[in-house]
Amino acid sequence: MRLEELCVIQSGGTPRRGNASYYGGGIPWAKISDLNAYDGLVRVTEESITPEGLASIGGRLVPAGTVLLAMYGSVGKTAVSVVPMSLNQAILGIQVKLPEQLDKGYLLHWLQSIQEQLLLSANGVTQQNISATAVRALRIPLPPIAEQRRIAELLDRADAVRRKREESRRLVDELLRSVFLEMFGEHVLPGCSSQFPPGWRLRAVQELAAAIPHAIAGGPFGSSLTSADYVTAPGVPVIRGSNLRLGSDAFVENDFVYVSAEKAVSLRRNLARPGDVIVTQRGTLGQVGRIPNGAAYTEYVVSQSQMKVTLDPGSMDAVYFAQYLLSPAGVAELASRTLATGVPHINLNLLKTFPIVVPPLEMQRQFRLVVAGIRTSAERIRNADAEARNLAAALSAQLLPADK
């Protein structure tokens with residue numbers, strides 16, 4: 002059956018921004034970013050509107066328990082409202098009107114299972130989008146209601162396992178930050194004194210880099226690297242923002258695009274290798290990644306939005322360096338150096354002159370050993386996380402029937 006036959010489907014709206022009386026009231030107003038709730042349940046929203054603001058968008062309010070579907074940007078992303086709320090025009094509210102024929106949990110998992118299909122059908126150059134008309138016309142397969150509930154319950158369990166694994170990974174990152182602060186104390190906090198203990202120094206990144214050409218380098222200029230240069234694997238992987246995680250120095254070895262070996266040779270000044278540290282130059286500033294010594298590839302191309310640093314191991318340990326950039330002092334210094342013209346960014350010279358608090362090398366190496374132990378546990382968590390994701394995907398593919 003068509004989705005509109007089973008559900009009430011309504012879009013939201015945005016009160017006029019120029020009218021201050023429309024905003025700051027007690028009515029939650031959901032935007033795409035609010036759908037990023039950890040457990041998929043939207044309890045609070047970043048912004049709220051007043052009764053006047055709600056009236057200006059036709060009084061469109063969805064009840065608690067409404068399935069929310071993103072139509073713009075993160076096309077197909079879903080969540081569920083926990084409280085009554087209004088929506089902006091980028092979100093559809095979907096309420097089951099025939100619960101004897103369609104289970105809400107089944108509907109939610111089915112929508113999640115077709116997200117890739119929705120992405121492929123999306124339109125738009127600057128921002129992908131799907132229309133409410135297209136969503137209303139979607140045909141959803143309908144097993145017996147008891148079977149729908151059984152499917153939803155099984156997929157809920159698989160999703161709960163996945164969320165627990167993700168939470169464990171987040172706790173590992175928090176543990177690393179806590180250990181770093183415990184070992185290096187007040188000297189890695191914002192506004193730390195220039196008076197350091199014996200053996201401690203303050204040095205610019207360029208003073209800590211290896212004495213080799215292009216030890217500190219950015220990505221290729223302009224048309225030197227475009228999507229036309231990408232090839233199917235095997236090839237030389239290109240490091241992009243998706244290979245880094247905010248708040249962690251983890252290096253994500255998937256979601257690569259590739260260039261040919263010949264193209265990589267022409268970009269040799271933009272190459273990174275195991276042991277190097279990657280820093281985002283524009284876009285999601287604060288992303289830092291450390292390519293592990295046991296990385297899957299011997300070399301990588303740095304994209305236009307990233308920079309890389311090859312350190313002198315006799316002066317600076319890469320594990321300490323990456324964590325310092327993620328420390329309160331590093332984050333505060335980065336914020337003070339960010340150029341706000343256009344897309345927020347830092348340039349290569351700002352990275353070269355970035356000040357680093359340098360403790361004795363022996364302390365840095367002790368920290369590396371502690372991190373290695375934590376990372377061993379983290380690797381087991383990552384493997385379990387991948388298994389949980391694969392299980393959820395396999396269950397979804399197996400349990401959710403295809404429309405015929």
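Residue numbers (the working numbering): 2 to 405.
Quick reminder that beta carbons are idealized off the backbone N, C-alpha and C, glycines included.
Predicted, not measured: the structure shown is a model, and the values here were computed from it.
With respect to Glu-53, Lys-32 sits apart: the two C-beta atoms are not nearer than 8 Å.
Bridge pairing for Gln-96: Val-9 [DSSP].
CA-to-CA, the gap between His-110 and Ala-161 works out to about 13 Å. Between Gln-282 and Gln-307 the beta-carbon gap is near 6 Å, inside 8 Å, which marks them as a contact. Runs of the beta strand (DSSP E) lying entirely within the segment 71 to 118, each at least 3 residues long, are 79 to 82 and 92 to 97 in chain order. Our two residues, Leu-93 and Arg-164, have alpha carbons roughly 25 Å apart in a direct line. Separation of Ser-87 and Ile-141 (C-alpha to C-alpha, rounded to the nearest whole angstrom) is 26 Å.
Tyr-259 is bridged by DSSP to Val-232 and Pro-238. For Tyr-24, DSSP records a beta bridge to Ile-50. Taking 8 Å as the upper bound for CB-CB distance, Ala-91 and Gly-74 are in contact here, some 7 Å apart.
Annotated as proximal: Val-81 and Leu-42, with beta-carbon spacing under 8 Å. If you draw a straight line from the Cα of Leu-69 to the Cα of Thr-79, it comes to about 5 Å. Residues of the same chain with a CB within less than 7 Å of the CB of Gly-331, apart from the 5 flanking positions on each side, are Tyr-325 in chain order. Looking from the CA of Ala-21, the closest CA among Ile-10, Val-358 and Ile-50 belongs to Ile-50. A Cβ-Cβ contact shorter than 8 Å links Val-189 with Pro-329. Here Thr-281 carries a strand assignment [DSSP, helix/strand/coil]. Contact between the segment 209 to 221 and the segment 297 to 313 is present: three or more C-beta pairs spanning the two stretches fall below 8 Å. Gln-305 sits in coil when the DSSP states are folded into three classes, being neither helix nor strand.
Residue pairing from DSSP places Asn-124 in a beta bridge opposite Asn-130.
Distance from the CA of Leu-108 to the CA of Ser-12, rounded to the nearest whole angstrom, comes to 18 Å.
In this chain, the alpha helix (DSSP H) harbouring Gly-331 covers 329 to 338.
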